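Numbering (this note's numbering), first residue to last: 25 to 189. A short write-up of the structure that comes next.
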C-alpha cells in the first residue's frame, strides 16, 4: 500500500522523530522540508532558488509513497498538502515543546546529537520565539485552514501515546 503523508507542527513537536519512525515502519522515504528549502554545504546553508524548490518538491510528491515534514505551509509547500492522503498535525503541549527545544540544543552543543544547522545561541532564542508565535498565532489559523481546505485529511495528535509507532 502506498502512503503520502504530510506532518506539520511547531518546533520541538516531534515531526522529524515521527517521520523517521513512520518511514522505517512503512518502508518509505521521508523528507524534511528544511532540507528541501536549504542546500546544506560545509561553508553554510544556501537557500534554493524558487525554480529549484519547485523542481525538487515536484519530484518528491510525484513519488508513489512519501512522508514530508515541516513547520509551516509556505506557498511552495502546498503540493505536499494537496497530494497528501493524510495530514498529521502534531500538537504537544507548549511546555513539552519548550523542554524538547532545550534538550535538543544542549545535546547538539555537546555533540551528542547532530544538527543540519550550526546550533548557535541566536538560533536557540529564535526557536523559543517560533514556538511562542506558533502557539499564539499560527496554530489556531492553521487548524481552521486545514479543516476547511483539506477536510477529511487532517488528524491532530497531542500526546505521544496517540502515535502508536
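A virtual CB, placed ideally from N, CA and C, is assigned to each residue, including glycine. The structure displayed is predicted, hence computed values, not measured ones.
When rounded, the separation of the alpha-carbon atoms in residue 129 and residue 34 is 15 Å. The criterion of a C-beta distance shorter than 8 Å is satisfied by residue 152 and residue 125. Annotation: the continuous beta strand (DSSP E) that includes residue 32 extends over 28 to 33. Residue 89 is positioned such that its CB atom lies no closer than 8 Å to that of residue 30. Residue 57 sits in a helix when the DSSP states are folded into three classes. A Cβ-Cβ distance of about 6 Å is found for the pair residue 94 and residue 101, placing them in contact under the 8 Å criterion. In the displayed model, residue 88 falls within coil according to three-state DSSP, outside both helix and strand. For residue 173, the enclosing alpha helix (DSSP H) begins and ends at 163 to 173. In the DSSP assignment, the residues bridged to residue 113 are 32 and 180. In this structure residue 42 is buried. Its beta-carbon is surrounded by 16 or more other beta-carbon atoms within 10 angstroms. If you check the CB distance, residue 32 and residue 97 come in under 8 Å. With fewer than 16 other CB atoms across the displayed protein chains lying within 10 angstroms of its CB, residue 53 is exposed. Between the alpha carbons of residue 182 and residue 135 lies a distance of about 29 Å. Per DSSP, reduced to three states, the secondary structure at residue 65 is coil, with no helix or strand assignment.
Rounded to the nearest whole angstrom, the CA to CA distance from residue 36 to residue 123 is 8 Å. In the structure shown, residue 71 adopts extended strand secondary structure according to DSSP, grouped into three states.
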